[in-house]
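What follows is a short report on a single structure.
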Amino acid sequence: MNGTQALEERLIEIRERIDVMIHLLLAPVQATEPNVRGKVQREVLKLCDFAHTREEIAKKLKISLNLLDVTLNKLRNKNFIRSVQVSGKTYYIRIR
8 MNGTQALEER
18 LIEIRERIDV
28 MIHLLLAPVQ
38 ATEPNVRGKV
48 QREVLKLCDF
58 AHTREEIAKK
68 LKISLNLLDV
78 TLNKLRNKNF
88 IRSVQVSGKT
98 YYIRIR
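No gaps in the numbering here: position 60 of the sequence shown is 67 in the working numbering, and each next residue is one more.
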């Protein structure tokens, strides 16, 4: 990887962080729980706190990575969460 590629990757990472910050400012977490179906989705949503990777969430909830991926995709499609990559790891954050 040359210097230009490293710089481009760093700029992409910074842009993603800024996107998350803007999203948080424009769509604050509501006081009421969002309309999520099922215990697994509710439990996954609770762990989308910008502190857990998908492996950590799966381990904590004792569910398979496949089930977690499906659940994260459903929550992402409903605009409840965003994923942010930091230092090569992907974290999830609740935005609604």
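Idealized CB from N, CA, C, for every residue including glycine.
Apart from the five residues on each side of it in sequence, which residues of its chain come closer than 8 angstroms, Cβ to Cβ, to Ser71? Ala65
Anyone know if the C-beta pair for Asp56 and Ile100 falls short of 9 angstroms? Between Asp56 and Ile100, the CB-CB gap stays under 9 angstroms.
Secondary structure of Arg101, DSSP reduced to three states: strand
How many angstroms separate the CA atom of Glu16 from the CA atom of His59? So the alpha carbons of these two residues sit roughly 22 angstroms apart.
Environment of Arg22 [buried if 16+ CB atoms lie within 10 Å]: exposed
So what does DSSP say about Val47, is it helix, strand or coil? helix
Answer with buried or exposed for Gln48, where buried requires no fewer than 16 other C-beta atoms within 10 angstroms of its C-beta. buried
Which residues mark the beginning and the end of the alpha helix (DSSP H) in which Ile64 is found? 61-68
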